[in-house]
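Enquirer: Got a structure for you, written out below as structure tokens; questions coming shortly.
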């Protein structure tokens, strides 16, 4: 995103409109873009899964965190929950058509993370080294 300024360094109307649009998406992004939601939806994109199978794939997620994330995803229409009448009763989760629309951006995000993870780790080490050097002085 490029920033254009009017005389006097005031934000242009274009930038203000872009910021308003970004802010309007914040509630949706808060529901969808947290780490567990991204990972859960990535797991469910391949096939429906039972609660414990999801938990095993996402170790070290806690039972509570997984339950809360699945409820939030179900409430937002991204995941279906189906109770299977068996002994003991099982619950299976599957992705909805709306949830599936996130598959392409999530695959791109995971690919980006894989491609740039080492660069981020190097930046963190360099930052920590600078911070430690500043504290010594």
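In my numbering, the protein residues as written are 1446 to 1582. The beta-carbon is built from N, C-alpha and C at its ideal position, and this holds for glycine as well. Here the structure is a predicted model, which is why all the values come from computation and not from measurement.
On the criterion of 16 or more Cβ atoms from any shown chain inside 10 Å, does residue 1544 qualify as buried, or is it exposed?
Expert: buried
Enquirer: Please list the terminal residues of the continuous beta strand (DSSP E) segment that includes residue 1497.
Expert: Careful: residue 1497 lies outside any beta strand (DSSP E), inside the alpha helix (DSSP H) at 1496–1502.
Enquirer: To which residues does DSSP link residue 1537 through a beta bridge?
Expert: 1495, 1527
Enquirer: Go through its chain and collect everything with a Cβ distance to residue 1499's Cβ below 7 Å, but skip five positions before and after it.
Expert: 1485, 1488, 1511, 1538
Enquirer: Taking only the alpha-carbon atoms, compute the straight-line gap between residue 1474 and residue 1516 and give it to the nearest angstrom.
Expert: 16 Å
Enquirer: Considering Cα atoms alone, identify which of 1558, 1535, 1507, 1551 is closest to residue 1477.
Expert: For residue 1477, the nearest C-alpha among the options comes from 1551.
Enquirer: Express the C-alpha separation of residue 1554 and residue 1528 in angstroms, rounding to a whole number.
Expert: So the two alpha carbons sit approximately 31 Å from each other.
Enquirer: In the structure shown, what three-state DSSP assignment does residue 1550 receive?
Expert: helix
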